[in-house]
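Residue numbers (my numbering), protein chains in the order written: chain R, 1 to 404; chain X, 1001 to 1308.
Using N, Cα and C, we set each Cβ at its ideal position, and we do this for glycine too.
All figures in this text were calculated on a predicted structure; none of them were measured in a lab.
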Amino acid sequence: MNNLGTVFNFEFLRTITKKSFWVRTLSIPVLIVAVIALSIFSSKAASKAGEKAEQSHFSIAVIDDSHLVGAAVLTAAGAKAVLDRPHGIEMVKTGAVDAFFYYPARPWDEPVEVYAKDDGLANNSKYEAVATQLLKAGLAQAVGGADKAKLLEVGPTTMLTTYHDGQQTKGFGRAIVPGLFLVLFYAVIVLLGNQMLTSTTEEKENRVIEMILTSVTARTIIVGKILALVTLGLIQILALLLPIVVGYFGFRSQLNIPQIDLNTLSFAPVPILAGAAIFVGGFLLFTALLVAIGSAVPTAKEAGGFFGFTMILVFVPFYALGAIVTSPDQLIVKVMSFFPLTAPITLMLRNAAGNLSALETIVGVSILLVSGVILMALAIRIFRFGSLEYARRLGIREILTRKS
Amino acid sequence: MSEPIVSIDKFRMKFGENVVIDDLSFDVRSGETFAFLGSNGSGKTTTIRTLLGIFEPTVGTLLVKGQKYGPQLSSILGYLPEERGLYKKESVLSTMLYFGELRRMDRLVARKWSLDYLERIGLADKANVAIEKLSGGQQQKIQLGVTIMNDPELMILDEPTKGFDPVNRRLLMDIVEEHSKRGATVVLVTHQMEEVERLCDRVILLKDGKRRLYGTVDEIKHDYGSEVIDLEFTGVLPEHSKRYRVEQSGKRNAELSMVGAATAPEVLAELVSHKSLAITKFELRRSSLDDIFVNIYHETAAIGGGHE
Chain R
1 MNNLGTVFNF EFLRTITKKS FWVRTLSIPV LIVAVIALSI FSSKAASKAG
51 EKAEQSHFSI AVIDDSHLVG AAVLTAAGAK AVLDRPHGIE MVKTGAVDAF
101 FYYPARPWDE PVEVYAKDDG LANNSKYEAV ATQLLKAGLA QAVGGADKAK
151 LLEVGPTTML TTYHDGQQTK GFGRAIVPGL FLVLFYAVIV LLGNQMLTST
201 TEEKENRVIE MILTSVTART IIVGKILALV TLGLIQILAL LLPIVVGYFG
251 FRSQLNIPQI DLNTLSFAPV PILAGAAIFV GGFLLFTALL VAIGSAVPTA
301 KEAGGFFGFT MILVFVPFYA LGAIVTSPDQ LIVKVMSFFP LTAPITLMLR
351 NAAGNLSALE TIVGVSILLV SGVILMALAI RIFRFGSLEY ARRLGIREIL
401 TRKS
Chain X
1001 MSEPIVSIDK FRMKFGENVV IDDLSFDVRS GETFAFLGSN GSGKTTTIRT
1051 LLGIFEPTVG TLLVKGQKYG PQLSSILGYL PEERGLYKKE SVLSTMLYFG
1101 ELRRMDRLVA RKWSLDYLER IGLADKANVA IEKLSGGQQQ KIQLGVTIMN
1151 DPELMILDEP TKGFDPVNRR LLMDIVEEHS KRGATVVLVT HQMEEVERLC
1201 DRVILLKDGK RRLYGTVDEI KHDYGSEVID LEFTGVLPEH SKRYRVEQSG
1251 KRNAELSMVG AATAPEVLAE LVSHKSLAIT KFELRRSSLD DIFVNIYHET
1301 AAIGGGHE
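So, in structure tokens, the structure goes:
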């Protein structure tokens, strides 16, 4: 492929030297950092507000028809007992107390009623928080302490150890590494999809293709463009990963990031190789599809209209995630595993879940590679002939029957 | 006689059931300036695209320097297509360097040539400006530069003056003449007959995908041209005569052709005899290529013999 290096350099340099590329690339990690920081700030602020609410002091009147709170807790909280609800409500209205809590006889069926002096939208939540805390404290006493009450409330943590052929297996950890190919595929399609779709329309829109085709073959142009886009995509992915890596190794404790235990991950070669093969086949197929669409339509604007449709095809298997992971023998899962457009995501999900057999992997990858190569050859034909059609779309029959 | 640099033999092209070119054969000799004529849709651009490997012929052989054209020959080619443009978002210099490198030029050589060319056309300060920021005329100059930057041995210019302003048209023609004098072969696809008469050695004319005329400009004018009378007058010019036919006429001028064996003196004598007509100019000349072109396209029966 003569001139491949020239095409690659031109396509790569003209993108990477543009401010818009760096703004687009760097804005993603900046946005991620901003969203995480905002989330942490918001969470801390809410937590502080909750603590403040729980520590706040106000006068309380109570009726405990449930008998679950208990006199000791009520006394410790300084709550006054009242005889009936209207009286308690009246006490709040007249300002005799700040709040009145009514615990019904069956609080698991009925709500705990809270009547209180309006202290502003941000502060009113303290009344419900204290009413809940009093009930929890009463229950804790009943079950024999706060730890037992917490255990009852959130349940225990468990540790699963599984074995296969007498060897200990990694459990969920075995899905992580093969699953990374799924993340990579998603990132590549999202980051590069639109650029691939419109990469070939520029020559057509600018009427430059005829001069180009006398110096370089259509195949070389397409391959050069794809290689440049992949390289640019890798740079974008690195730009995404860099803050994560720096954050993990440089500021893990400050950012409260949990430590990753590599021993829990499985690096079994077969699922990793299968994931890589599915990724390559899927990437080839969708690259060819996007280039073919871009070459067939007259303008980038028109090509953009097809992008959403293509994305739906790519990611539709996520809507059947449950069936793909738990019921791989269902017909719909089989169909999605071997239909070229849905195969990449379905096969990657099944590979990560560990329910993809060796035979299914070979068949699935073969389908992806063969259909990818056929579609790529078609894309090159469409680019070659379609790019000279400046005002109309080429029919598929015309593309297939023209001599080349 | 020099060797052909372009040889087209029994070329036939079909798109679906539509025959666009039928049994076309001709060659272009090394160093000559060759005109490729025909009305819109006659098959000129299809022939050029097939010669340059963009299309594949249905039948026939199309060769450049004795071989089928491919990117390996791009270093000898300067091609200005009818549908042309540049990467609008890219800078002038990076665009020129890209096209130079595609034609196997060394990057440094391409850079030097580009900067010299920009200096020559007065756009030295625009080297790093995006092409879309240039005026239409300035973009045309860059397009020309991209076409000739590899000092091509074979220049194929498809309707080169289409859309060009008069200044760039002159620049283009100067460049064509310059390269022609240096020994380059120029294939000019054009409708501008005065340019053909001024610049070209030989001509081919296509009509409906078939060769209708082929030869030197002089041969074609000799074989297909006729004597034409340019007349200026006052009064009324009789339109019907046994000796002449009015080809074109205005209020005070007309172009006449002679009918049958009539001679110019006989036509002049007849015109003078009309009392309602006063002749102020009577000039006899051979018909131009433009006249021949129009006649060919107006005729219903095929022309045979001669240089066809």
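For Tyr1079 of chain X, the chain R residues whose Cβ falls inside 7 Å of its Cβ are Met211 and Thr214, in order along the chain. With fewer than 16 neighbouring CB atoms inside 10 Å of its own CB, Gly120 of chain R falls in the exposed class.
In the three-state reduction of the DSSP assignment, Ser125 of chain R falls in the helix class, which pools H, G and I. Exclusion of the five residues before and after Val1020 of chain X leaves Met1013, Lys1014, Gly1043, Thr1046 and Gly1209 as the residues of its chain whose Cβ lies within less than 8 Å of its Cβ. Within the segment 154–186 of chain R, complete beta strand (DSSP E) segments of at least 3 residues are found at 162–164 and 167–169, given in chain order. Gly1163 of chain X and Ile237 of chain R have their C-alpha atoms roughly 45 Å apart. Comparing alpha carbon positions, the residue from R:Lys19, R:Thr264, R:Glu205 and R:Ala274 closest to Glu302 of chain R is R:Glu205. Close to Gln1138 of chain X, with beta-carbon spacing below 8 Å, lies no residue of chain R; the smallest spacing is near 16 Å.
Between the alpha carbons of Gly386 of chain R and Pro298 of chain R lies a distance of about 8 Å.
Put simply, the segment 368–381 of chain R touches the segment 273–292 of chain R. At least three CB pairs are less than 8 Å apart. As DSSP reads the structure, His1240 of chain X sits in a beta bridge with X:Arg1245. When Cβ pairs closer than 8 Å are counted between the two stretches, the segment 1070–1078 of chain X is seen not to touch the segment 1108–1117 of chain X, the count staying below three. When C-beta distances to chain X are compared with 9 Å, the residues of the segment 216–227 of chain R below that value are Val216, Thr217 and Thr220, in chain order.
Residues of the segment 1094–1107 of chain X with a C-beta less than 8 Å from any C-beta of chain R: Ser1094, Tyr1098, Phe1099, Glu1101, Leu1102 and Arg1103, listed in chain order. With a threshold of 16 other beta carbon atoms within 10 Å, Leu321 of chain R falls short and is exposed. Counting only runs that start and end inside the segment 1153–1178 of chain X, the beta strand (DSSP E) elements of at least 3 residues fall at 1154–1158. With 16 or more other Cβ atoms from the protein chains shown falling within 10 Å of its own Cβ, Val1092 of chain X counts as buried.
For the pair of segments examined, the segment 1198–1215 of chain X was found not to touch the segment 1252–1261 of chain X: the number of CB pairs separated by less than 8 Å stays below three. Judged by DSSP secondary structure, Asn9 of chain R falls within the alpha helix (DSSP H) whose first and last residues are Leu4 to Ile16. Asp1291 of chain X counts as buried, since no fewer than 16 other beta carbons sit within 10 angstroms of its beta carbon.
In the structure shown, the three-state DSSP call for Gln254 of chain R is coil. Taking a Cβ-Cβ threshold of 8 Å, the residues of chain R close to Arg1084 of chain X are Arg207, Val208, Glu210 and Met211, in chain order. Ranking X:Ser1241, X:Glu1197, X:Val1294 and X:Ser1288 by CA distance to the CA of Ala1269 of chain X puts X:Ser1241 first. One thing to note: Val1146 of chain X has its Cβ no nearer than 8 Å to the Cβ of Met1105 of chain X. With its beta carbon less than 8 Å from one in chain R, Glu1090 of chain X belongs to the interface.
Under DSSP, Ser1257 of chain X forms a beta bridge with X:Val1228 and X:Arg1245. The beta carbon of Ser1074 of chain X sits closer than 8 Å to some beta carbon of chain R.
DSSP places Gln1072 of chain X within a helical segment (H, G or I) once states are collapsed to three.
A distance below 7 Å between beta-carbons, with the five flanking residues on each side excluded, links Ile257 of chain R to the following residues of its chain, in chain order: Gly247 and Tyr248.
By a beta-carbon distance limit of 8 Å, Met376 of chain R does not contact Leu182 of chain R. Their separation comes to about 23 Å. Secondary structure at Met348 of chain R: helix, using DSSP grouped into helix, strand and coil. Against chain R, the beta carbon of Leu1268 of chain X has no neighbour under 9 Å; the closest one sits roughly 53 Å away. Here Arg1170 of chain X is exposed, its C-beta having fewer than 16 other C-beta atoms within 10 Å.
Taken atom to atom, the span from the alpha-carbon of Arg1049 of chain X to that of Leu229 of chain R is near 29 Å. For Tyr1297 of chain X, the three-state secondary structure derived from DSSP is helix. Asp1027 of chain X and His1298 of chain X have their C-alpha atoms roughly 26 Å apart.
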